[in-house]
Amino acid sequence: MFSIASSELVQIFRNRLVLVTSLIVPVAVSALFVRQHETFADLGSLGYIAAIVMFTVAAFGLYATAVTTLASRRQNLFLKRLRSTAAADSTILAGLLLPPTAIAVVQVSAIMTALAMVAGEPTNIALLVLATVATLAMMIGLALATAGLTNSPEHAQVTTLPVTLGVIAVASWVGITGTEELTLLKRLLPGGAATELTMNAWNGGTAVADSLLLLAPTLGWVAIAVALATRLFRWEPRR
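In our numbering, the protein residues as written are 383 to 621.
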């Protein structure tokens, strides 16, 4: 797995499109939110900033990069060659997805730390970590499912748009308006419950037990995404 991961990491830094998508765009957007944290906190809250930063990195840095990577490796038959080795399917996928996941974790950690330094620490760090892990797991599952519908790296620029823009839009909606109204709808949409959980972790004021219940919708999306990936994912290009 680690040999596949190290090779994939080299490929990420050689591919300008992936490099821009996975590193430059999330960092630039997140830096804007952190720099203007007072303005965005007035619009929503510091928890809202944390949530939107997390989803920006997860959507662009992890999800879009993972879909592009899997589509590219399928197109050049690298997936097929790997599958002919002794490595298990899960090992192959883990090796390919480990680099963008690791990069996303480092980015989220660094940006959250920067936000805490300029605006104050979150109320519950453990809950924030839990929200981040659940969000990244959801985006990995959605990436595997979307990769099954993506024919090429170029096609990934189209197939990833609905989820990328959708989760960021949901995070913005929930972060700015809260969940006092349309509670069930907001929590059931992908990213809605994770946004609320992140806000609770940063802002405080909500019982931990009540916040933990918000994991259920996010984990539900993980299960749905994995089920779709199992059905849709392909190891070879369509003929």
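Beta carbons are placed, not taken as given, at the ideal position from N, Cα and C, and that holds for glycine.
Beta-carbon proximity of residue 523 to residue 611, cut-off 8 Å: Taking 8 Å as the cut-off, the Cβ atoms of residue 523 and residue 611 count as close.
Among 538, 438, 542 and 565, nearest to residue 514 - alpha-carbon criterion: The closest CA to that of residue 514, considering only 538, 438, 542 and 565, is found on 438.
Closest residue to residue 393 among 422, 420, 454 and 432 (Cα-Cα distance): If you compare the alpha carbons of 422, 420, 454 and 432 with that of residue 393, the shortest gap goes to 454.
Any 3 or more C-beta pairs closer than 8 Å across the region 548-562 and the region 570-584: Yes, the region 548-562 is in contact with the region 570-584.
Anticipated Cβ contact below 8 Å, residue 442 with residue 430, distance rounded: In this structure residue 442 is not in contact with residue 430, their Cβ atoms being roughly 18 Å apart against a cut-off of 8 Å.
Chain-order list of residues whose beta-carbon lies under 6 Å from that of residue 585 (same chain, five-residue window excluded): Contacts found: 427 and 429.
Range covered by the alpha helix (DSSP H) that runs through residue 494: Bounds of the alpha helix (DSSP H) holding residue 494 are 471-501.
For residue 569 and residue 599, the rounded distance between their alpha carbons: The alpha-carbon atoms of residue 599 and residue 569 are separated by roughly 7 Å.
Environment of residue 485 [buried if 16+ CB atoms lie within 10 Å]: So residue 485 counts as buried.
Delimiting residues of the alpha helix (DSSP H) encompassing residue 593: Boundaries of the alpha helix (DSSP H) harbouring residue 593: 590-594, taken from the DSSP string.
Local Cβ density within 10 Å of residue 434, reported as buried at 16 or more and exposed below that: Burial call: buried.
N- and C-terminal bounds of the alpha helix (DSSP H) containing residue 606: Looking at the DSSP string, the run of the alpha helix (DSSP H) that includes residue 606 is 597-614.
Segment limits, alpha helix (DSSP H) that includes residue 617: First-last for residue 617: undefined, no H or E at that position.
Proximity to residue 379 [Cα-Cα], best of 579, 551 and 420: Because the chain spans 383 through 621 in this model, residue 379 falls outside it and cannot be assessed.
Closest by C-alpha distance to residue 400, when choosing among 533, 436 and 449: Nearest option by C-alpha distance: 449.
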